[in-house]
Amino acid sequence: MALNKFLNTTLLTYNQAAALLNISPGTLRRWVMQKKIPYIKLLNRSVRFEAKELERWVKQQTRTQEVQNDN
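Take the sequence shown: its position 68, counted from the start at 1, is 68 in UniProt numbering, and no numbers get skipped.
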């Protein structure tokens, strides 16, 4: 089961993940260094991002604003 999950996982590079999040690759690198965002470090020390984890992370970071009705 764990192998199936891995095989169906889309791993993104810094540039791909930054484009998906609409931020600069530099900002993404800073967030990785600060451990603010989920990432995967491969054996060759390269960093990748799982698309589904990024989507989940964005949803967790999203704040909703209540609108007051002044009647």
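Every residue gets a Cβ at the ideal spot worked out from N, C-alpha and C, and that includes glycine.
Small disclaimer: the values here were computed from a predicted structure and weren't measured.
Contacting residues, own chain, Cβ-Cβ under 7 Å from residue i (five flanking each side not counted)
{"i": "Lys36", "result": "none"}
Helix, strand or coil at residue i [DSSP, three-state]
{"i": "Leu42", "result": "coil"}
{"i": "Arg30", "result": "helix"}
{"i": "Arg63", "result": "coil"}
Whole-angstrom C-beta distance between residue j and residue i, which should lie under 8 Å
{"i": "Leu21", "j": "Leu11", "result": "Rounded, the Cβ-Cβ distance is 15 Å, inconsistent with contact."}
{"i": "Tyr14", "j": "Pro25", "result": "5 Å"}
{"i": "Thr9", "j": "Glu55", "result": "Not really, about 12 Å apart at Cβ, beyond 8 Å."}
Between the CA atoms of residue j and residue i - distance to the nearest angstrom
{"i": "Thr64", "j": "Ala18", "result": "23 Å"}
{"i": "Glu53", "j": "Thr62", "result": "14 Å"}
{"i": "Ser46", "j": "Met33", "result": "13 Å"}
{"i": "Asn44", "j": "Trp31", "result": "20 Å"}
Residues near residue i by beta carbon distance below 8 Å, same chain, minus five either side
{"i": "Leu42", "result": "Arg48"}
6 Å Cβ shell around residue i - same chain, five flanking residues per side excluded
{"i": "Lys59", "result": "none"}
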